[in-house]
Amino acid sequence: MESDSFELRLSRAFYGRDTVTVARALLGQRLVRVTAGQRLSGLICETEAYRGADDEASHAFRRTPRSAIMFGPPGVAYVYFIYGNHFCLNTVTEDAGCPGAVLIRGIAPQEGLAFMRGQRPGVADVRLADGPGKLCRALNITVALNGADLITDPALFIETGEPVAEHEITAWPRIGVRGGAETRERPWRFVWSRAT
DNA sequence: CTCTCGATGCGCT
DNA sequence: GCGCATCGAGAGA
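Written out as structure tokens, the structure is:
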């Protein structure tokens, strides 16, 4: 898997499905970042689904210049800047015209540990990328990668990882969402228990 | 133009 | 557990 890993990449059809389905299916897959001439990777162990007009917590609840990318074709990276300090990485889902994205909230680091430690000095290995902002810092992901096509981009993509059994997945309410009770209580945060 | 506040993380208590 | 840094997107005027 070292050199050309194109055949291992998840297909556009993988992303072009129901957002909640994709959020679950992304658990166990391998997020890969190529930067400074080296491969960094980790298995996705936590995700959240964000939909469209039916999801008050989603950026795509309203169509704005920033959220327009969520209305576009699937398999594209949506990276945004938050709290003045952090970036968050999402993958666009659903067919073009139907908004949706999955927030990647955590990975279990596999390749490039030395680089990640350099990005986050003093942090224990298991915590290098266990939050949405943390993983972007560890993998050097910024808004420069907003719009990157995960099917073709050499610097950012997702490969088939390890199979995840249904009983290893737990669903929880999403973190930090405001809005009505129904919005807050939706169990659209998925955690791969085996990885943590 | 101005104001509010966030799909967070870190440091301190 | 709690406060705060830090700044751009989005909304209202």
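Numbers given in my numbering equal positions in the first sequence, counted from 1, plus 4. Every residue, glycine too, gets a C-beta built ideally from N, C-alpha and C. Predicted model only: the values in this text are computed from it and were never measured.
Alpha-carbon to alpha-carbon, residue j and residue i
i: Leu149; j: Trp196; result: 26 angstroms
i: Arg66; j: Gly104; result: 12 angstroms
i: Gly79; j: Asp134; result: 22 angstroms
i: Val181; j: Arg188; result: 6 angstroms
i: Val36; j: Pro158; result: 10 angstroms
i: Phe10; j: Ile155; result: 8 angstroms
i: Pro136; j: Arg190; result: 19 angstroms
i: Met120; j: Thr146; result: 15 angstroms
i: Gly126; j: Thr95; result: 29 angstroms
i: Asp22; j: Met74; result: 13 angstroms
Proximity to residue i [Cα-Cα], best of the options
i: Ala27; options: Asp58, Thr174 and His63; result: Thr174
i: Arg141; options: Cys102, Thr97 and Val83; result: Val83
i: Gly122; options: Val106, Asn144 and Gly101; result: Asn144
i: Leu93; options: Ile162, Asp129 and Ala17; result: Ile162
i: Gly184; options: Asp22, Asp59 and Tyr19; result: Asp59
i: Glu172; options: Asp99, Ala152, Phe194 and Asp153; result: Phe194
i: Ala100; options: Leu14, Gly20 and Glu170; result: Gly20
Contacts around residue i, its chain only, beta-carbon distance under 7 angstroms, and the 5 residues preceding and following it disregarded
i: Ala112; result: Gly46, Leu47, Cys49 and Ala199
i: Gly32; result: Leu47, Ile48, Gly165, Glu166, Pro167, Val168 and Trp196
i: Trp192; result: Val24, Ala27, Glu52, Ala53 and Arg178
First through last residue of the alpha helix (DSSP H) which encompasses residue i
i: Val83; result: Premise fails: Val83 lies in the beta strand (DSSP E), Ala81 to Ile86, not in any alpha helix (DSSP H).
N-terminal and C-terminal residue of the beta strand (DSSP E) that residue i is part of
i: Glu1; result: One cannot answer for residue 1 here, as it falls past the ends of the chain, which runs 5 to 200.
i: Cys140; result: Careful: Cys140 lies outside any beta strand (DSSP E), inside the alpha helix (DSSP H) at Pro136 to Ala142.
Supposed close pair residue i, residue j - CB separation, criterion 8 angstroms
i: Gly116; j: Leu139; result: No, Gly116 and Leu139 are not in contact; Cβ-Cβ is about 12 angstroms, not under 8 angstroms.
8 angstroms Cβ shell around residue i - same chain, five flanking residues per side excluded
i: Arg70; result: His63 and Tyr84
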